[in-house]
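Residue numbers (the numbering used here), protein chains in the order written: chain G, 13 to 492; chain W, 3 to 222.
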Amino acid sequence: MSYDPEVLILLIPLVAAALLAVLPAYRASARLNVAATFATMAAGLSLFVVERPAPGAYLLVDDLNIVFIALTTFVAFTTSIFSATYIAHELEIDRLTPTYLRFYHAMYQLLMFAMNLALLANNIGLMWVAIELATLTTVLMVGIYRTHEALEAAWKYFILGSVGIALALFGTILVYMASGPVVGEGLDAMVWTRLVEHAAAFDPALLNLAFIFLLLGYGTKVGLAPLHAWLPDAHAEGPTPISAVLSGLLLNVALYAVLRFKILLAANPDALAPGPLMVTMGLASLLFAGFMLYRRRDIKRLFAYSSIEHMGIITFAFGIGGPLANFGGLLHMVMHSLAKSGIFFAVGHIAQAKGTQKIADIRGLTVSHPALGWALVLGVVAIAGLPPLGIFMSEFLVVTSTFAREPLLAIVLVVGLLVAFGALFLRLNEVAFGEPVGSTAPVKASYVPMYVHFAVVTAAGLYLPPTLVVWFQHVASLLG
Amino acid sequence: MDGLDFDIAHLLAGGLVLMSFLLLYQDRMYALLNMFALHAVVLALSVAWQAYVQDAPHLYVTAAIALVFKAIIIPSALHRIVERLGIHRVIETVGGVGPTMLAGMALVALSMVVMLKVTAGADPLAREDLAFALSVVLLGLLMMATRRNAVSQVIGFMSLENGLVLAATGAKGMPLVVEISVAFSILIAFIVIGIFLFRIRERFDTVDVQVIDRFRGERR
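Here it is as structure tokens:
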């Protein structure tokens, strides 16, 4: 049998999940978790070099999803390293028992499987199943601490996520109805590559309605306002590695689903333009989250709202469309994933060192924990979009391309960015500087994953390799 | 498809919408559970009829799942949970029955207007099925929004999924992949919910979502 990276990307997490579910020793299982995500990442990166398999009825590898797979498997790998040290501390302070830990590791791999499946799926039904699976695994992980807050967060996430996923299924059925008369009944009418080929002949009215359901459904999972209510709770109450994976990866996967259907709609000349809808939801999320950032008292919630803000910017960029805005959107997505998961690593270390997530009880980090404090400062500088870091570049691209196309919208966009910027620095000032408050005990966990993420974000702001630029330009042109 | 086949399919799909309305105003837990079982029975009949008229034997599987799993196993399991948690009292609703029913009617009208207009070119049975299915989905959403109790929210969610199954079977020749996944997801969803209900019981001594809402992180 020839080497088939697609199958490996799916098989490794699945086998690892089964193994981790039965392996009792937590040190060994944390190592296995790291090894499995590393192997998955290697398989994912090998997609760039080996010859791509032809799109099948279920799986597909194309230029668009390779970017997502590389990002997902990379962040999954670094997060698993962070998770190994983080979890050891949670065991020490008895927040988790070994049984729960076994469950946690198995769920982590199952989530990786679900996300990779959603990204690789060429069948819109299969994609839906994968995203549903990802939702269920994360619900279980968010509730893992079993405190009042964690259960409430998990319940809220479960109900809102299920409603979103139900709407998305209705949209999927409508797409099938639209394609049936053209492509023919049966499996073919759900295969994405076949759908795109024939989309021009679909009934535009049906396709429009389908897209609205899909945008609302998957948009709930992206965390777009007004469907974002689950997101801050789920981020704040679950284990921090899960917050990092949720913000850095799962939101992207849901956005990827929206993008697939956007391409489908763009292939039909009579269907409505998906852009304005995405622009509206994106801007609403950005403005809403920007103002909400001011009232946060919990550091994980603060950055959860910042995720809503950034997903808004990315959705906005893809909604504006065109080569430049799409390029900016893609770059922003990658940079946000890296920076935000890096910030959550930092926040995890902070919460463990200080024993609290309340902003009021965390003061003077740069004095008490210089290495951690300055890393957080760097992370917030990155996420707020200051030059010369990567996010500045992508935001700059989005803003300039919007000014060229829709100057009025660009003003709103800039206002939103500035509002969020102000809030982040206000809080950063409280957390990072001044007299230290609370415990000054050193952090035992490894800072390496956090530094790696911030280093990549910084490097990307200074220099983007030409091959990467060409690749992104190509993908941006695919997105239309 | 001749007249009678069409009429029966129509009747059953319409019956499901009616069942959703019945669910909407139940104010006792056991009555709500029984009504949900009836909802699932009507769904099973409707799916079985579709299997017969479309000559699609795999749909009988979906019908059987609806009948056994949703009409029998889930309601009886929920019945036991309700009993053990001691929450068979009157269900708290947000807003009265009257406004809720009016809102339900408005939603049905909305889905008729939207779906019938949009699917003008499609097969007449499929388009009406889809319009009914959207009504059931919207009524399920309405029920989830107007109930404070976790168990009745779950029932609202399951009635919503019944609407999705109706839509999926109405779409002729839709691959089995999706139907199985729907059934499967309900199974998983139920397990998850079961775990949650027990934990919620364990932690709060209540399954009233309003009480859970008090533990909001921001108000600490």
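Ideal placement from N, C-alpha and C gives every residue a C-beta, glycine not left out.
CB contact check: residue i to chain B, cutoff 8 Å
| i | result |
| --- | --- |
| A435/G | Protein chains G and W are contained in the structure displayed, whereas chain B is not. |
Nonlocal neighbours in the same chain, by C-beta distance under 6 Å from residue i, ignoring five residues either side
| i | result |
| --- | --- |
| F89/G | T49, F50, M53 |
| L267/G | V234 |
| G294/G | G324, T327, F328, G331 |
| G260/G | V87, S349, K352, S353 |
| A28/G | A48, Q121 |
| L401/G | A394, V469, T470, G473 |
Min CB distance residue i to chain G below 8 Å
| i | result |
| --- | --- |
| A227/W | The structure shown does not extend to residue 227/W, since chain W is modelled only from 3 to 222, so the question has no answer here. |
| G175/W | yes |
| L6/W | no |
| E163/W | yes |
| T121/W | yes |
| A1/W | Any property of residue 1/W remains undetermined from this structure, which presents chain W solely from 3 to 222. |
| V116/W | yes |
| G16/W | no |
| F2/W | An answer regarding residue 2/W cannot be provided, because it is not within the stretch 3 to 222 covered by chain W. |
| L34/W | no |
| V84/W | no |
| F71/W | no |
| Q155/W | yes |
Below-8 Å beta-carbon distance, residue i vs any chain W residue
| i | result |
| --- | --- |
| Y230/G | no |
| F115/G | no |
| D215/G | yes |
| A178/G | yes |
| E442/G | no |
| F182/G | yes |
| V175/G | yes |
| M189/G | yes |
| M124/G | no |
| G397/G | no |
| I143/G | no |
| E321/G | no |
| I362/G | no |
| A199/G | This sequence places Leu at residue 199/G; Ala is not what is there. Judged by the 8 Å Cβ criterion, L199/G is in contact with chain W. |
Minimum C-alpha distance to residue i - residue among the options
| i | options | result |
| --- | --- | --- |
| V257/G | K456/G, Q121/G, A30/G | Q121/G |
| L127/W | A65/W, Q155/W, V55/W | V55/W |
| G176/G | L243/G, F303/G, T84/G, G324/G | L243/G |
| F23/W | L61/W, D7/W, F134/W | F134/W |
| A108/W | L144/W, R150/W, A42/W | L144/W |
| V139/W | D125/W, L168/W, R149/W, G123/W | L168/W |
| E249/G | E161/G, S318/G, L429/G, V481/G | E161/G |
| Y188/G | I254/G, A444/G, P216/G, L123/G | P216/G |
| I136/G | G376/G, A33/G, G183/G | G183/G |
| F445/G | G385/G, P419/G, A457/G | G385/G |
| Y463/G | V389/G, F433/G, S297/G | V389/G |
| L476/G | G367/G, V346/G, K274/G, A372/G | V346/G |
| L141/W | M21/W, Y32/W, G175/W | M21/W |
| R272/G | L420/G, F404/G, L207/G | L207/G |
| E85/W | R150/W, L13/W, G175/W, Y32/W | Y32/W |
Same chain, Cβ closer than 7 Å to residue i, neighbours up to 5 away in sequence not counted
| i | result |
| --- | --- |
| F38/W | L25, P77, I157, M160, S161 |
| H486/G | D75 |
| E18/G | P65, L71, V73, L132 |
| A53/W | P59, L61, Y62, A65 |
Whole-angstrom C-beta distance between residue j and residue i, which should lie under 8 Å
| i | j | result |
| --- | --- | --- |
| L409/G | F339/G | 6 Å |
| A142/G | L129/G | 4 Å |
| L163/G | A190/G | Wrong, their Cβ atoms sit about 40 Å apart, outside the cutoff. |
| A55/G | I24/G | 7 Å |
| G17/W | V44/W | 5 Å |
| P335/G | S489/G | 6 Å |
| G229/G | A180/G | 3 Å |
| I156/G | Y98/G | About 13 Å; that fails the 8 Å criterion. |
| A358/G | A387/G | 6 Å |
| V46/G | A96/G | 6 Å |
| I374/G | G450/G | 7 Å |
| M117/W | L136/W | 5 Å |
| M146/W | I171/G | 7 Å |
| V3/G | P448/G | With chain G covering 13 to 492 only, the question about residue 3/G has no answer from this structure. |
Contact set for residue i: own chain, Cβ-Cβ below 8 Å, skip 5 residues either direction
| i | result |
| --- | --- |
| V179/W | Here the model assigns V179/W a pLDDT of 49, short of 50, so the residue's position is not dependable and the matter cannot be decided. |
| F415/G | A422 |
Segments of 4+ residues assigned as alpha helix (DSSP H) that fall wholly inside the segment 271-316 of chain G: 286-304
Kindly provide the ranges of any alpha helix (DSSP H) runs that are 4 or more residues long and lie completely inside the segment 22-51 of chain W, ordered along the chain. none
Could you give the uninterrupted runs of the beta strand (DSSP E) lying entirely in the segment 223-275 of chain G, keeping only those of 3 residues or more? none
Let me know the alpha helix (DSSP H) ranges lying completely inside the segment 416-474 of chain G, each 4 residues or longer, listed in chain order. 419-444, 460-474
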